[in-house]
Amino acid sequence: MLLPRIKGPRDLDRLSQEELDQLAAEIRSFLVDAVSKTGGHLGPNLGVVELTIALHRVFESPKDKVLFDTGHQAYVHKLLTGRQDFGNLRSKGGLSGYPSRAESDHDVIENSHASTVLGWADGLAKANEVLGREDHHVAAVIGDGALTGGMAWEALNNIAAAKDRPLVIVVNDNERSYGPTIGGLANHLATLRTTDGYERFLARGKELLERTPVVGKPLFETLHGAKKGLKDFIAPQGMFEDLGLKYIGPIDGHDIEALESALQRAKRFSGPVIVHCLTQKGRGYTPALEHEADRFHAVGVIHPDTGLPVKTAAASWTSVFADEMVKIGHEREDIVGITAAMLHPVGLNKFAEAFPDRIYDVGIAEQHGATSAAGLATGGVHPVFAVYATFLNRAFDQVLMDVALHKCGVTFVLDRAGVTGDDGASHNGMWDMSILQVVPGLRLAAPRDAEQLRAQLREAVEVKDAPTVVRFSKGVVGPAVPAVGRIGGMDLLRTPAPEVTRPDVLLVSVGALAPMCLEIADLLDKQGISTTVVDPRWVKPVDEALAPLADRHRVVVTVEDNGRAGGVGSAVSQALRDAGVDVPLRDFGIPQRFLDHALRKEIMAEIGLTAPDIARQVTGLVAKLDGRYDSEPAATVD
């Protein structure tokens, strides 16, 4: 076995070509075995085995910076830099599913949001230039559809302007992001993949000219130096060179020798170079290759031989949304769907199958998607833009200035809202309810169960003069939480006994945390503390009935699966002040810090967002109001 002997990148230097091929096979076997036990990004990593080996043989990490966009294709990089314990991958205390500076000096970018690597690379190359580090190199791997993002092209515009600043851009062209990559760039790369006329022409010309005595070799070199015009005639790869970028490729991304040759040439060049590599997502693993939807982009725990899930998945929030979108689509011809290269992950695949002419995949370009949605709404249809909550951050300006300012009826559906857990800090959807609070006119719904998701999605698409947002959690949807009454637009989930004239606590439950809030109320009841539990349903704007309801209680408590800074608790507090309601308020939510990867329940326990923790603190708060201090409150969650 060769893999256990690889403790760092320089251990690759002494391997023969035959041994390198053996190592690639061992890595694929390792990945299938390890990731099938833990879940993770399998397909992308199976596709970059040879490419990553070649990168680490040519570049001297960590002196040279090898960057990955997106970071989910860095598992092989981890293996080659001494991290081969995948037993707790993406679990508390185990390896991150993305590059992590805490794990290794070989890791640089850890935010795992696509299309950022070229900006990072541009900055690092500039730093090398400023500090005179001529022996330092930067190699940026961009793939899995990340070149469809606008940030990548903004960076390319800057990179191309510096003709003499060395920088190697490796385009990992596997035709896919989650699913098949779409758009004009994808079509261009497809043309490059299928056009080998230029390379055949050049090879044949070299062979003939080198046979010609005296003038043959100089003539070939002259033609080779003038090959720009030939390329434009024979193959359309001039796009990159028109930007001022040297182009090498396409290269077989599974031929280590060819990759090394191309990367060495790029490394020696004194300016920016693109190395275009053709790879196969899911390579070497039949179940992945046969999975047309996303080639096992990300998997749960699976059987390694069949690729089938070990456990049957229960109904998820995403699946509830997916089914309801199809129903609404049949009822309304003006409903269209938008996705940012994540058709299956956000559940719009069913809508796409039913209405193929009413779905738009904009690529990894959330900003463009939001503004395009504004145009669609202005044109007379109602777009539903489904996106992970963490990725809406990237389109805030467009939501504010294009959608809201123009009073466009656009519905944003935010999947994976709140603590998501195993994908780490950058994937927790803990920012949306804070950043969206400042958007004038926007309405934001947080459904507590499947029934409410269906109902509030329908309410959202009825709004024609403002943006609406429906946000829900990752994973399995919980049991139905019935209302016992309604006040204003809010659902009452629990009320105190009729004889209680002024209840102690008004507990404002946000979204999927309703079952936990009812558990908090039960625990408070055992302490003799009467509690009303209310679900606002629409958390922005704050319902006008909330302030009078709060005024009939001694204390208000808000519980949300969102950052505390500027979240629902802050909005409720401001609404109470504006209404002149002087009732103590305590807000519970996610602390404003980046949370390490772990299971959702582990993170919730760590940050004190559990029923016992909150009940204990509320008990202490009520005790203070009573003038009693015998209850011991827990530490403040902040």
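Using the working numbering, the letters of the sequence shown map in sequence onto residues 133 to 770.
By construction, the Cβ of each residue, glycine as well, lies at the ideal position given by its N, Cα and C atoms.
Quantities reported herein were computed from a predicted structural model and do not represent experimental measurements.
Using alpha carbons as the reference points, say which of the options lies closest to residue i.
{"i": "Val715", "options": "Leu678, Leu187 and Ala445", "result": "Leu678"}
{"i": "Ser451", "options": "Phe544, Tyr417 and Ser605", "result": "Ser605"}
{"i": "Ala707", "options": "Ser566, Gly403, Gly695 and Lys672", "result": "Lys672"}
{"i": "Gly381", "options": "Arg397, Glu594 and Thr664", "result": "Arg397"}
{"i": "Pro647", "options": "Met457, Arg580, Ser244 and Asp143", "result": "Arg580"}
{"i": "Ala653", "options": "Val665, Gly643, Val642 and Asp710", "result": "Val665"}
{"i": "Arg603", "options": "Gly403, Gln588 and Ala612", "result": "Gln588"}
{"i": "Thr543", "options": "Asp455, Ala598 and Asp529", "result": "Ala598"}
{"i": "Gly281", "options": "Ile567, Asp201 and Arg669", "result": "Asp201"}
{"i": "Val249", "options": "Pro231, Glu261 and Ser236", "result": "Pro231"}
{"i": "Asp728", "options": "Val164, Ser228 and His204", "result": "Ser228"}
{"i": "Lys139", "options": "His209, His204, Pro436 and Gly179", "result": "His209"}
{"i": "Ser193", "options": "Asn243, Ala505 and Asp267", "result": "Asp267"}
{"i": "Arg590", "options": "Ala454, Ala730 and Ser393", "result": "Ala454"}
{"i": "Glu261", "options": "Val190, Gly403 and Phe162", "result": "Gly403"}
{"i": "Ala502", "options": "Gly469, Ala486 and Lys197", "result": "Gly469"}
{"i": "Phe483", "options": "Gly511, Asp237 and Val516", "result": "Val516"}
{"i": "Leu574", "options": "Val674, Asp489, Ala582 and Ile185", "result": "Val674"}
{"i": "Leu546", "options": "Ala592, Val513 and Ala253", "result": "Ala592"}
{"i": "Ile185", "options": "Asp153, Leu163, Lys197 and Val164", "result": "Asp153"}
{"i": "Gly416", "options": "Glu182, Ser393 and Ala521", "result": "Glu182"}
{"i": "Ala284", "options": "Ser247, Ala294, Asp305 and Lys258", "result": "Ser247"}
Give a yes or no on whether the C-beta atoms belonging to residue i and residue j are separated by under 9 Å.
{"i": "Ala292", "j": "Leu199", "result": "no"}
{"i": "Asp693", "j": "Met562", "result": "yes"}
{"i": "Ala577", "j": "Asp564", "result": "no"}
{"i": "Leu421", "j": "Ile383", "result": "no"}
{"i": "Gln569", "j": "Ala527", "result": "no"}
{"i": "Thr690", "j": "Val642", "result": "yes"}
{"i": "Gly179", "j": "Gly414", "result": "yes"}
{"i": "Cys540", "j": "Ala497", "result": "no"}
{"i": "Leu625", "j": "Val632", "result": "no"}
{"i": "Ala509", "j": "Leu480", "result": "no"}
{"i": "Leu377", "j": "Ile301", "result": "yes"}
Three-state secondary structure (DSSP) at residue i?
{"i": "Phe483", "result": "helix"}
{"i": "Arg400", "result": "helix"}
{"i": "Asn243", "result": "coil"}
{"i": "Cys540", "result": "coil"}
{"i": "Val671", "result": "strand"}
{"i": "Thr471", "result": "strand"}
{"i": "Ser641", "result": "strand"}
{"i": "Ile460", "result": "helix"}
{"i": "Thr600", "result": "strand"}
{"i": "Met736", "result": "helix"}
{"i": "Ala157", "result": "helix"}
{"i": "Asp762", "result": "Because the pLDDT of Asp762 is 46, which lies under 50, any placement of that residue in the model is unreliable, and the number read from its coordinates should be weighed accordingly. Asp762: coil per DSSP, three-state reduction."}
{"i": "Lys295", "result": "coil"}
{"i": "Pro136", "result": "helix"}
{"i": "Lys658", "result": "helix"}
{"i": "Ala271", "result": "strand"}
{"i": "Asn304", "result": "strand"}
{"i": "Ser448", "result": "strand"}
Can you say whether residue i is buried or exposed, counting buried as having 16 or more other CB atoms within 10 angstroms of its CB?
{"i": "Ser125", "result": "For the chain, the structure presents residues 133 to 770; residue 125 sits outside this window and is missing."}
{"i": "Asn289", "result": "exposed"}
{"i": "Pro136", "result": "exposed"}
{"i": "Phe218", "result": "buried"}
{"i": "Ala234", "result": "exposed"}
{"i": "Arg709", "result": "exposed"}
Do residue i and the ligand ZN come close, with the Cβ less than 8 Å from some heavy atom?
{"i": "Arg415", "result": "Of the ligands one can find in the structure shown there are none, so the ligand ZN has no counterpart to examine."}
Does any residue of chain C bring its CB to less than 9 Å from the CB of residue i?
{"i": "Thr552", "result": "Among the chains in the structure shown there is no chain C, since it carries only a single protein chain."}
Query raised in the report: Do the segment 548-564 and the segment 658-673 make contact, defined as three or more Cβ pairs closer than 8 Å?
Result: no
Query raised in the report: Would the segment 208-223 and the segment 167-174 be scored as touching if the rule is three or more Cβ pairs under 8 Å?
Result: yes
Report task. Indicate whether the contact test is met: 3 or more Cβ pairs, each with one atom in the segment 173-180 and one in the segment 422-440, closer than 8 Å. Result -> yes
Query raised in the report: Quick check: the segment 525-539 against the segment 455-462, are there 3 or more CB pairs under 8 Å?
Result: no
Query raised in the report: Does the segment 438-458 come close enough to the segment 605-618 that 3 or more CB-CB pairs lie under 8 Å?
Result: yes
Query - Given 8 Å, three or more beta-carbon pairs between the segment 627-639 and the segment 679-687 - result: yes
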